[in-house]
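Report on one structure; see the data block that follows.
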Amino acid sequence: MEDNWKGIREALPSTCQEVLGLKKHHRNKEWMSIETMDRMKERKNKKTSIKNSQTRTEKFQAQAEYIEANKQVKMSIGADQQKYV
């Protein structure tokens, strides 16, 4: 019984992959530009720098940079939405 179940469990995913193929990746939000995506990555990096800062002054400086990057991302998203509509 266990051998049969193991065979089914191994055969089913491989057969599905052959018939259906791999999952195709696509952009979730097609209205969002590449520049906005880059700014979001930059914002994420600044957020990690806040977490990794060791002194209080480093943390305040990193927070100020993050706030500015966050504003830029929000403005860029708004502009992209207006262009899409």
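If you count the sequence shown from 1, position 57 lands on 57 in UniProt numbering, and the numbers rise without skipping.
Just so you know, even glycine gets a beta-carbon here, dropped at the ideal spot from N, CA and C.
For residue i, tell me which candidate among the options has the shortest Cα-Cα distance.
i, options, result
"E65", "R43, K83, M37 and G7", "R43"
Hey, quick one: how far does the alpha helix (DSSP H) through residue i stretch, first residue to last?
i, result
"V73", "R56 to Y84"
Could you name the residues of the same chain whose beta carbon sits closer than 6 Å to that of residue i, not counting the 5 residues immediately before and after it, in chain order?
i, result
"R39", "Q72, V73 and S76"
Ignore the nearest five residues each way along the sequence and tell me which others in residue i's own chain have a CB closer than 8 Å to its CB.
i, result
"A62", "K46, S49, I50 and S53"
"A69", "R39, E42, R43 and K46"
Under 8 Å by Cβ, that's how I've got residue i and residue j pegged, so tell me the actual separation to the nearest angstrom.
i, j, result
"Y84", "W5", "That pair is no contact at about 49 Å."
"T36", "D80", "6 Å"
Could you tell me which uninterrupted beta strand (DSSP E) segments, each at least 3 residues in length, are contained entirely in the segment 7-50, listed from first to last along the chain? Here no run is fully enclosed.
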